[in-house]
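Q: Starting off with a structure, shown below.
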Amino acid sequence: MIEKIKEIVKKLFKENKIDIFIGYGEGTLPLRATPCFITGQDDIKKLVWNSYCLNNLAVYLSGFFLPQLKKKDVKLPRIGILAKGCDGRSIVGLIKEHQIPRENLYIIGINCEGMIDIEKTQNAVCKMQEIEIVSAEEKSGKVLLEDEDNKKTELKKEELLADVCKDCQYTAPLIYDVLIGEEKRKTKEKERAAFIKEFEKKPLEERWKYFQEQVSKCIRCYACRQACPNCYCKECFADQTKPKWIGATDDISDIMFFQIGRILHQAGRCVDCGACVRACPMGIDLRIFTYKLIEDVKEFFGYEVGISLEETPPLATFKQDDKQEFITEP
Amino acid sequence: MESSKLKIIKKRDVLKFLDSIKKEYDIFVPMEKNSGIRFSRFNLEKDIPWNYRNAKISPKEIFFPKTETLFSFEAGTSIISDGGKTFTSVNEPKDSFPETKDYLIFGIRPCDAQAYSLLDKLFGGDDFQDPYYLEKRKKTTIISLACNKPQSTCFCTSLKGRPDNEEGADIILFDLDEDILAKPITKKGEKFIENLNSWFKEAKEADIEKKNKLMDLSLKKIRSGVDLQHIKEKLDKTFDISLWNEIHQKCLGCGICTYLCPTCYCFNITDEMDHEAGVLATSRGKRIRCWDSCMFPLFTLHASGHNPRPTYKERMRQRIMHKFNYCPENFEEIFCIGCGRCIRNCPVNIDLRETLVLLMSFQSLGKNKKN
Numbered sequence: 001m002i003e004k005i006k007e008i009v010k011k012l013f014k015e016n017k018i019d020i021f022i023g024y025g026e027g028t029l030p031l032r033a034t035p036c037f038i039t040g041q042d043d044i045k046k047l048v049w050n051s052y053c054l055n056n057l058a059v060y061l062s063g064f065f066l067p068q069l070k071k072k073d074v075k076l077p078r079i080g081i082l083a084k085g086c087d088g089r090s091i092v093g094l095i096k097e098h099q100i101p102r103e104n105l106y107i108i109g110i111n112c113e114g115m116i117d118i119e120k121t122q123n124a125v126c127k128m129q130e131i132e133i134v135s136a137e138e139k140s141g142k143v144l145l146e147d148e149d150n151k152k153t154e155l156k157k158e159e160l161l162a163d164v165c166k167d168c169q170y171t172a173p174l175i176y177d178v179l180i181g182e183e184k185r186k187t188k189e190k191e192r193a194a195f196i197k198e199f200e201k202k203p204l205e206e207r208w209k210y211f212q213e214q215v216s217k218c219i220r221c222y223a224c225r226q227a228c229p230n231c232y233c234k235e236c237f238a239d240q241t242k243p244k245w246i247g248a249t250d251d252i253s254d255i256m257f258f259q260i261g262r263i264l265h266q267a268g269r270c271v272d273c274g275a276c277v278r279a280c281p282m283g284i285d286l287r288i289f290t291y292k293l294i295e296d297v298k299e300f301f302g303y304e305v306g307i308s309l310e311e312t313p314p315l316a317t318f319k320q321d322d323k324q325e326f327i328t329e330p
Numbered sequence: 331m332e333s334s335k336l337k338i339i340k341k342r343d344v345l346k347f348l349d350s351i352k353k354e355y356d357i358f359v360p361m362e363k364n365s366g367i368r369f370s371r372f373n374l375e376k377d378i379p380w381n382y383r384n385a386k387i388s389p390k391e392i393f394f395p396k397t398e399t400l401f402s403f404e405a406g407t408s409i410i411s412d413g414g415k416t417f418t419s420v421n422e423p424k425d426s427f428p429e430t431k432d433y434l435i436f437g438i439r440p441c442d443a444q445a446y447s448l449l450d451k452l453f454g455g456d457d458f459q460d461p462y463y464l465e466k467r468k469k470t471t472i473i474s475l476a477c478n479k480p481q482s483t484c485f486c487t488s489l490k491g492r493p494d495n496e497e498g499a500d501i502i503l504f505d506l507d508e509d510i511l512a513k514p515i516t517k518k519g520e521k522f523i524e525n526l527n528s529w530f531k532e533a534k535e536a537d538i539e540k541k542n543k544l545m546d547l548s549l550k551k552i553r554s555g556v557d558l559q560h561i562k563e564k565l566d567k568t569f570d571i572s573l574w575n576e577i578h579q580k581c582l583g584c585g586i587c588t589y590l591c592p593t594c595y596c597f598n599i600t601d602e603m604d605h606e607a608g609v610l611a612t613s614r615g616k617r618i619r620c621w622d623s624c625m626f627p628l629f630t631l632h633a634s635g636h637n638p639r640p641t642y643k644e645r646m647r648q649r650i651m652h653k654f655n656y657c658p659e660n661f662e663e664i665f666c667i668g669c670g671r672c673i674r675n676c677p678v679n680i681d682l683r684e685t686l687v688l689l690m691s692f693q694s695l696g697k698n699k700k701n
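Written out as structure tokens, the structure reads:
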């Protein structure tokens with residue numbers, strides 16, 4: 001697949017169709033790839049495609065098309081981007097929210113077979129404290145891991161997939177200029193959905209306690225916000241000083257205000273790419289909350305994010321028969 | 331150090347030992363939390379995770395908590411100052427540090443102990459004396475724990491560190507499996523052991539040999555490194571090189587690298603009104619300081635709306651330059667200890683070692699390359 005990607009990117013530069021290409025390069029740590037910006041044919045060799053390409057690359061796009069740049073009559077760049085299913089759906093969301101112009105994008109869609117969760121993999125071998133994995137090699141559905149004592153372990157890739165990837169319904173983007181690999185829609189029962197159903201049965205106090213437990217880990221580094229393609233606000237409500245919405249302390253009420261605010265702003269916009277969860281250094285289970293929003297939006301408005309360019313997002317429209325219960329009976 | 335000063339304590343006795351001095355000391359130990367290892371108050375029920383690699387958040391938070399009340403105030407009266415003596419801890423705001431007790435930080439890694447000696451230069455320097463930091467710092471005894479198993483992201487040997495680095499600690503411990511070897515470093519450390527002599531016995535030649543072997547092995551495990559010779563002088567000439575355009579490119583602008591860093595010390599000061607039964611009080615509040623990060627846009631935003639560091643490029647440059655150029659200029663020390671926290675936790679795998687190699691090698695080639 002990587003040869004195919006390189007070939008297309010090479011052609012794009014040759015035919016002067018793009019100025020920048022955003023893909024993945026080799027990471028410096030085991031089980032890691034890293035976002036990679038290519039500006040010319042010489043650097044195409046840096047590109048890689050493997051099961052460590054976790055980052056949602058759509059997060060970089062809106063920065064190229066800031067309103068102040070549009071105003072200044074600056075020539076906007078033409079960007080090529082490698083998009084997995086989740087990245088692709090984020091891109092669609094951003095186009096619909098008028099953050100990025102479709103005509104300036106060349107989307108190379110790729111059918112993603114799921115990305116490996118680093119922590120899960122480490123723990124599958126041994127707790128990090130005991131023995132650290134220092135290298136990993138991927139071969140036909142298996143991952144060969146080597147630890148610091150040079151001991152090798154072979155594990156099935158399928159068992160190491162990130163939770164979001166296990167639940168993924170759209171492995172390839174639906175809007176693209178070229179697609180690598182076959183588009184496959186999965187229909188299997190989502191583990192997370194079942195978990196949410198169980199969680200919802202718990203009494204309010206218990207759910208509230210879980211939320212408090214989770215967000216109390218927060219150190220307000222804002223990595224969840226920064227890693228999220230949807231968090232493109234010029235100034236986040238958490239950063240505003242006039243008026244100041246949130247105290248600067250790590251008091252639970254301040255943290256909660258930020259987390260609730262950020263999460264609720266994701267309603268009808270979150271594509272469940274898992275970028276926030278992966279970025280969080282404190283291991284907060286943010287996805288249980290964002291996922292609930294996805295389920296709710298689907299149930300109340302029959303809307304799924306990033307599937308079509310035409311359908312109006314639920315928060316951008318109002319219908320007389322829109323469901324109201326979620327406001328009156330939380 | 332004469333070998334007679336080296337002592338042995340049984341590992342299985344350590345919890346009892348700490349418990350026996352908890353009346354005299356407020357003790358902080360590494361503890362398994364739901365977000366990873368973090369320094370927390372000693373609890374007899376919780377064993378010391380002897381083989382822990384390092385704490386997720388550096389123990390700088392003990393002296394320089396994420397949120398700290400400087401003083402409280404009330405409307406209509408003059409400012410009520412606590413004289414810099416009341417401190418509020420990070421996790422347990424209710425549980426203020428008792429003023430009568432001394433602190434004991436037990437089991438921090440040598441790199442983090444070294445970080446304290448760097449922070450001391452800032453908070454206790456000739457120009458400014460920070461009472462909030464120093465109050466806690468001066469009543470603290472630091473017992474570090476040498477690294478038997480450094481991580482792949484450790485590069486302390488490129489700076490001034492080693493797995494058994496003694497700087498910043500009063501006593502250093504070596505984990506010999508069933509025994510713990512204790513080596514006092516400062517007078518304070520010597521006195522600490524002397525006072526509690528009954529818990530220790532003399533170390534034997536075999537213990538010392540075992541320790542030396544462990545440390546040799548440990549040192550060999552640190553495989554990554556960067557040649558940082560003359561980095562200050564080299565960075566003197568890199569402020570406007572085009573390389574910065576590339577280094578920052580994938581940065582998301584979060585605060586992980588700075589918040590987890592044991593030597594990042596930037597803070598913000600704001601006034602917060604008190605809460606009364608969930609309602610914001612209008613007349614009572616606190617002046618607090620909390621961690622801030624040069625990676626945030628708000629960090630340098632002027633009241634006029636102008637921001638001298640408008641993009642990630644300027645912010646990333648500031649972070650690197652501050653540690654490797656401005657601090658050497660001001661304190662004659664690089665403010666990095668090679669713990670690798672920023673490397674391990676960066677969501678987009680920006681590797682400080684890689685960045686430093688790029689900067690160190692850019693010099694000779696890129697003199698004329700300006701952006």
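Residue numbers (the working numbering), protein chains in the order written: chain A, 1 to 330; chain B, 331 to 701. Think of the CB as a built atom: it goes at the ideal place given N, C-alpha and C, for glycine as much as any other residue.
1. Could you tell me the distance, in whole angstroms, from the CA atom of A/Q259 to the CA atom of B/L547?
2. Keeping to the same chain, check which residues put their C-beta closer than 6 Å to that of A/E325; ignore five residues upstream and five downstream.
3. Quick check: the region 196-204 of chain A against the region 148-156 of chain A, are at least 3 beta-carbon pairs closer than 8 Å?
4. Quick check on the DSSP output: the alpha helix (DSSP H) that includes B/T588 runs from which residue to which?
5. How far does the beta strand (DSSP E) with A/C36 in it extend, from its first residue to its last?
6. Would you kindly work out how many angstroms separate the C-alpha atoms of B/K643 and B/I577, rounded to a whole number?
7. Who are A/F21's beta bridge partners in DSSP?
8. Would A/K217 pass as an interface residue toward chain B - the criterion being a Cβ-Cβ separation below 8 Å?
9. Answer yes or no: does any C-beta atom of chain A fall closer than 8 Å to that of B/R383?
10. By the criterion of Cβ-Cβ separation under 9 Å, what are the contact partners of A/A227 in chain B?
11. Does the region 478-485 of chain B come close enough to the region 450-463 of chain B that 3 or more CB-CB pairs lie under 8 Å?
12. Mind listing which residues of the region 342-365 of chain B have their C-beta closer than 7 Å to chain A's C-betas, in chain order?
13. How long is the line joining the alpha carbons of A/M1 and B/C596, rounded to whole angstroms?
14. Using only CA atoms, which one of A/E103, A/Q240, A/E113, A/V305 lies nearest to A/K184?
15. Which one of A/L57, A/L29, A/E3, A/F195 has the shortest CA to CA distance from A/V48?
16. I need the DSSP call for B/D369, collapsed to helix, strand or coil.
17. Report, in whole angstroms, the separation of the C-beta atoms of A/A316 and A/A279, which I expect to be a contact under 8 Å.
18. Within the same chain, show all residues whose beta-carbon is closer than 6 Å to that of B/P389, passing over the 5 residues directly before and after it, in chain order.
19. Leaving out the 5 sequence neighbours to the left and right, which residues in its chain are closer than 7 Å to B/S488 when beta-carbon positions are compared?
20. Determine the contact status of A/L269 and A/R225, defining contact as a CB-CB distance below 8 Å.
21. Please list, in chain order, the chain A residues whose beta carbon lies closer than 8 Å to that of B/T471.
22. Can you name the start and end residues of the beta strand (DSSP E) that A/E154 belongs to?
23. Using a Cβ-Cβ cut-off of 8 Å, state whether A/G40 counts as contacting chain B.
24. Would you mind reading off the limits of the alpha helix (DSSP H) that contains B/Y463?
25. So is A/C168 in contact with chain B if we call contact Cβ pairs under 8 Å?
26. Near A/K298, which residues of its chain fall below 7 Å by C-beta distance, leaving aside the five closest residues on each side in sequence?
27. Over the uninterrupted alpha helix (DSSP H) stretch that includes B/I338, give me the two end residues.
28. Could you please give the first and the last residue of the uninterrupted beta strand (DSSP E) stretch that includes A/A136?
29. Which residues of chain B have a Cβ atom closer than 9 Å to the Cβ of A/R278, listed in chain order?
30. Kindly indicate the opening and closing residues of the alpha helix (DSSP H) around B/E539.
31. Could you tell me which residues DSSP pairs with A/G332 in its beta bridges?
32. Quick check on the burial criterion: 16 or more other C-beta atoms within 10 angstroms. Buried or exposed for A/G85?
33. According to DSSP, simplified to helix, strand and coil, what is B/A512?
34. Can you tell me the Cα-Cα spacing of A/F64 and A/P77, whole angstroms?
35. Determine the DSSP secondary structure at B/C620, reduced to helix, strand or coil.
36. Looking at the structure shown, is B/D492 part of a helix, part of a strand, or coil, going by DSSP?
A: Judging by the given coordinates:
1. Walking along the first sequence from the start, residue 259 of chain A turns up at place 259. Walking along the second sequence from the start, residue 547 of chain B turns up at place 217. Rounded to whole angstroms, A/Q259 to B/L547 spans 45 Å at the Cα level.
2. Within the first sequence, residue 325 of chain A is the residue found at index 325, counting from 1. Within the same chain, no Cβ atom closer than 6 Å to the Cβ of A/E325 is found once the five residues on either side in sequence are excluded.
3. Result no; under three Cβ-Cβ pairs closer than 8 Å.
4. In the second sequence, counting from the first residue as 1, residue 588 of chain B sits at position 258. 586-590 is the span of the alpha helix (DSSP H), which, as asked, contains B/T588.
5. Along the first sequence, read from residue 1 onward, the residue named residue 36 of chain A stands at position 36. Where A/C36 is concerned, the enclosing beta strand (DSSP E) stretches over 33-38.
6. To locate residue 643 of chain B, count along the second sequence from 1; it is residue 313. To locate residue 577 of chain B, count along the second sequence from 1; it is residue 247. Whole-angstrom Cα-Cα distance: 8 Å.
7. Counted from its first residue, the first sequence places residue 21 of chain A at position 21. Beta-bridge pairing links A/F21 to A/I38, A/G80.
8. On the first sequence, position 217 is the one that residue 217 of chain A refers to. A/K217 counts as touching chain B.
9. Counting from 1 along the second sequence, the entry for residue 383 of chain B is found at position 53. At least one chain A Cβ lies under 8 Å of B/R383.
10. Here residue 227 of chain A corresponds to residue number 227 of the first sequence, with the count starting at 1. Within chain B, the residues near A/A227 are L582, C584, P677, V678.
11. no
12. N364, S365
13. Here residue 1 of chain A corresponds to residue number 1 of the first sequence, with the count starting at 1. Here residue 596 of chain B corresponds to residue number 266 of the second sequence, with the count starting at 1. The alpha-carbon atoms of A/M1 and B/C596 are separated by roughly 45 Å.
14. Position 184 of the first sequence holds residue 184 of chain A. For the residues A/E103, A/Q240, A/E113, A/V305, the minimum Cα distance to A/K184 belongs to A/E113.
15. As a working mapping, residue 48 of chain A is identified with position 48 in the first sequence. The residue with the shortest Cα to Cα distance from A/V48 is A/E3.
16. Start at 1 with the first residue of the second sequence, and residue 369 of chain B comes out as number 39. As written in the sequence, residue 369 of chain B is Phe, which differs from the Asp given in the question. Three-state result, B/F369: strand.
17. Here residue 316 of chain A is taken as the residue at index 316 of the first sequence, counted from 1. Here residue 279 of chain A is taken as the residue at index 279 of the first sequence, counted from 1. With a Cβ gap of about 27 Å, A/A316 and A/A279 do not count as contacting.
18. Start at 1 with the first residue of the second sequence, and residue 389 of chain B comes out as number 59. Cβ neighbours of B/P389 beyond the five flanking positions: F369, I438, D442.
19. In the second sequence, the residue the question calls residue 488 of chain B occupies position 158. Excluding positions up to five away in sequence, the list reads G555, V556, L558, G668.
20. Start at 1 with the first residue of the first sequence, and residue 269 of chain A comes out as number 269. Start at 1 with the first residue of the first sequence, and residue 225 of chain A comes out as number 225. Here residue 269 of chain A turns out to be Arg, not Leu, going by the sequence shown. Not a contact, by the Cβ cut-off of 8 Å.
21. Taking the second sequence and counting its residues from 1, one reaches residue 471 of chain B at position 141. Going along chain A, no residue has its Cβ under 8 Å from B/T471, so there is no contact; the nearest lies around 26 Å.
22. Taking the first sequence and counting its residues from 1, the one referred to as residue 154 of chain A is at position 154. Segment 152-156, the beta strand (DSSP E) holding A/E154.
23. Taking the first sequence and counting its residues from 1, one reaches residue 40 of chain A at position 40. Chain B contact via Cβ: absent.
24. Translated into positions along the second sequence, residue 463 of chain B becomes position 133. First-last of the alpha helix (DSSP H) with B/Y463: 461-468.
25. The residue given as residue 168 of chain A occupies position 168 in the first sequence. Interface annotation, A/C168: not in contact with chain B, CB-CB separation never under 8 Å.
26. On the first sequence, position 298 is the one that residue 298 of chain A refers to. So the qualifying residues of the chain are E304.
27. In the second sequence, the residue the question calls residue 338 of chain B occupies position 8. That residue, B/I338, is in no alpha helix (DSSP H); its beta strand (DSSP E) goes 337-340.
28. Position 136 of the first sequence, counted from the first residue, corresponds to residue 136 of chain A. Taken as a continuous stretch (DSSP letters only), the beta strand (DSSP E) holding A/A136 covers 133-139.
29. Position 278 of the first sequence, counted from the start, is the residue given in the question as residue 278 of chain A. Residues of chain B passing the Cβ test: P677.
30. Your numbering for residue 539 of chain B matches position 209 in the second sequence. 535-551 is the extent of the alpha helix (DSSP H) around B/E539.
31. Residue 332 of chain A lies beyond the range of chain A shown here (1 to 330); nothing can be said about it.
32. Here residue 85 of chain A refers to the residue found at position 85 when the first sequence is read from its first residue. Looking at its Cβ environment, which holds 16 or more other Cβ atoms inside 10 Å, A/G85 is buried.
33. The sequence position of residue 512 of chain B within the second sequence is 182, counting from 1. It is a strand residue.
34. The residue given as residue 64 of chain A occupies position 64 in the first sequence. The residue given as residue 77 of chain A occupies position 77 in the first sequence. Going from the Cα of A/F64 to the Cα of A/P77 covers about 7 Å.
35. In the second sequence, residue 620 of chain B corresponds to position 290, counting from 1. Of the three classes helix, strand and coil, the one that applies to B/C620 here is strand, per DSSP.
36. Position 162 of the second sequence holds residue 492 of chain B. What sits at residue 492 of chain B in the sequence shown is Arg, not Asp. It is coil, neither helix nor strand.
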